[in-house]
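Here is the structure we will look at.
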Amino acid sequence: MIQCRLIGQNIQRSQSPDFHNALAEKLNIELHYQLEELTTNSAEALHQHTTDLFDNEIDSANVTYPYKEQILSVADQLAPCAKRVGAANTLVKRDQQVIAYNTDYSGFIAAFNQFGQHKPGKVVVLGCGGVGKAICFSLADLGATEIAIYDRDLTKMTSLAKLLAAENIDTVCLNETTLETAVQKAEAVLNCTPIGHYQTPGCPIEASWLQEQAWCFDAVYTPRETEFLKAAQQKSINTLSGFELFFHQAHDAFTLFTGAQVSTQQLNTFKQTQLANLR
Numbered sequence: 004m005i006q007c008r009l010i011g012q013n014i015q016r017s018q019s020p021d022f023h024n025a026l027a028e029k030l031n032i033e034l035h036y037q038l039e040e041l042t043t044n045s046a047e048a049l050h051q052h053t054t055d056l057f058d059n060e061i062d063s064a065n066v067t068y069p070y071k072e073q074i075l076s077v078a079d080q081l082a083p084c085a086k087r088v089g090a091a092n093t094l095v096k097r098d099q100q101v102i103a104y105n106t107d108y109s110g111f112i113a114a115f116n117q118f119g120q121h122k123p124g125k126v127v128v129l130g131c132g133g134v135g136k137a138i139c140f141s142l143a144d145l146g147a148t149e150i151a152i153y154d155r156d157l158t159k160m161t162s163l164a165k166l167l168a169a170e171n172i173d174t175v176c177l178n179e180t181t182l183e184t185a186v187q188k189a190e191a192v193l194n195c196t197p198i199g200h201y202q203t204p205g206c207p208i209e210a211s212w213l214q215e216q217a218w219c220f221d222a223v224y225t226p227r228e229t230e231f232l233k234a235a236q237q238k239s240i241n242t243l244s245g246f247e248l249f250f251h252q253a254h255d256a257f258t259l260f261t262g263a264q265v266s267t268q269q270l271n272t273f274k275q276t277q278l279a280n281l282r
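Mapping the sequence shown onto this note's numbering, position 216 (from 1) lands on 219, and the numbers just tick up by one.
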């Protein structure tokens, strides 16, 4: 039996257990996935708790807000993408070694490729935490012409800017003064903050700033239609739901957990079931 957890805060309505347990049952794989709700903001406490889990109870884990960067200290090895991004959302124990991966990166690329936009264009990314980092690298590899980033935490924003600059990715750091104009001139706006989550409702920017953008994305998927996405839809802007990122990153994580390959037809059918069950 493969034992898995989702480690994070405010995860009571996460679809992750439903996804992994249902897909494992469909494929006749013995796997049990459950929530591991934490409240600590201490990196040391997170490290100790997660290490104990891997020593005594679990084989694999997903990691969500706010631990995707802190969790790297738990890993014995970093897969290339986790090392590049500076964050991980998937941990797998192999040969007594915990390996950190980032399936947010691969999941966003898969979601975007199914979305229909040819290139991301000139984008504004709100939020420079774990998911924001992964998506910025995804956008760069998808051919974004410029990535403007914004976070109220200047340390996080500066850290991400340095990572992107190290790869010669055209990056602009925004502030409260320059944000509005940058959003209005962007071809896309991506929310990678928790604002809009059912426990932190709201819109990360003024809805009036959305005017003629080509597309918008929200990493939040509970609720599926956030205030941000609704505001974009009211302006006839194409929207990419956080559910798409969730689904594709979860599929990539499932493959790492189990080694199982799921056919495209099976995956598409399963996706419709997951959408119907979205809380």
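Built from N, CA and C at the ideal position, the CB exists for glycine as well.
- Phe111 is not a Cβ neighbour of Gln269, given a cutoff of 9 Å.
- Pro207 sits close to Thr196, with the two beta carbons spaced by under 9 Å.
- Secondary structure note for Ile138: its alpha helix (DSSP H) is the uninterrupted segment Gly133 to Leu145.
- Scanning its chain for C-beta atoms nearer than 7 Å, with the 5 sequence neighbours on each side dropped, one finds around Ser17 the residues Leu9 and Leu38, in chain order.
- Around the beta carbon of Ser45, a 10 Å sphere encloses fewer than 16 other beta carbons of the protein chains shown; the residue is thus reported as exposed.
- For Ala191, the enclosing beta strand (DSSP E) begins and ends at Ala191 to Asn194.
- Given a length threshold of 4 residues, each whole run of the alpha helix (DSSP H) inside the segment 71 to 102 is given here in chain order: 83 to 88.
- In this structure Leu281 does not touch Ala114 by the C-beta definition: roughly 15 Å separates them, more than the 8 Å allowed.
- Sequence-distant partners of Lys122 (beyond 5 residues in either direction) whose C-beta falls short of 8 Å from its own C-beta, in its chain, are Leu145, Gly146, Ala147 and Thr148.
- Lys125 counts as buried, since no fewer than 16 other beta carbons sit within 10 angstroms of its beta carbon.
- When DSSP reads this structure, Phe111 sits in no beta bridge, so it has no partner.
- Straight-line spacing of the CA atoms in Arg97 and Phe246 works out to 29 Å.
- Annotated as proximal: Val134 and Lys71, with beta-carbon spacing under 9 Å.
- Between Phe257 and Ala64, the alpha-carbon positions lie close to 10 Å from each other.
- In this structure, the alpha-carbon of Lys238 lies about 28 Å from that of Lys274.
- Bounds of the beta strand (DSSP E) holding Leu34 are Leu34 to Glu40.
- Here DSSP, grouped into helix, strand and coil, assigns Ser63 to strand.
- Under the DSSP assignment, Ala234 falls outside any beta strand (DSSP E), being part of the alpha helix (DSSP H) whose first and last residues are Glu230 to Gln237.
- Val127 is bridged by DSSP to Ala151 and Val192.
- When C-alpha distances from Val192 are compared across Ala164, Asn241, Gly205 and Arg227, the shortest belongs to Asn241.
- Excluding residues up to 5 positions away in sequence, Leu129, Leu177 and Leu182 lie with their Cβ nearer than 6 Å to the Cβ of Tyr153 in the same chain.
- Within a 10 Å sphere around the beta-carbon of Ser266 sit fewer than 16 other beta-carbons, which makes this residue exposed.
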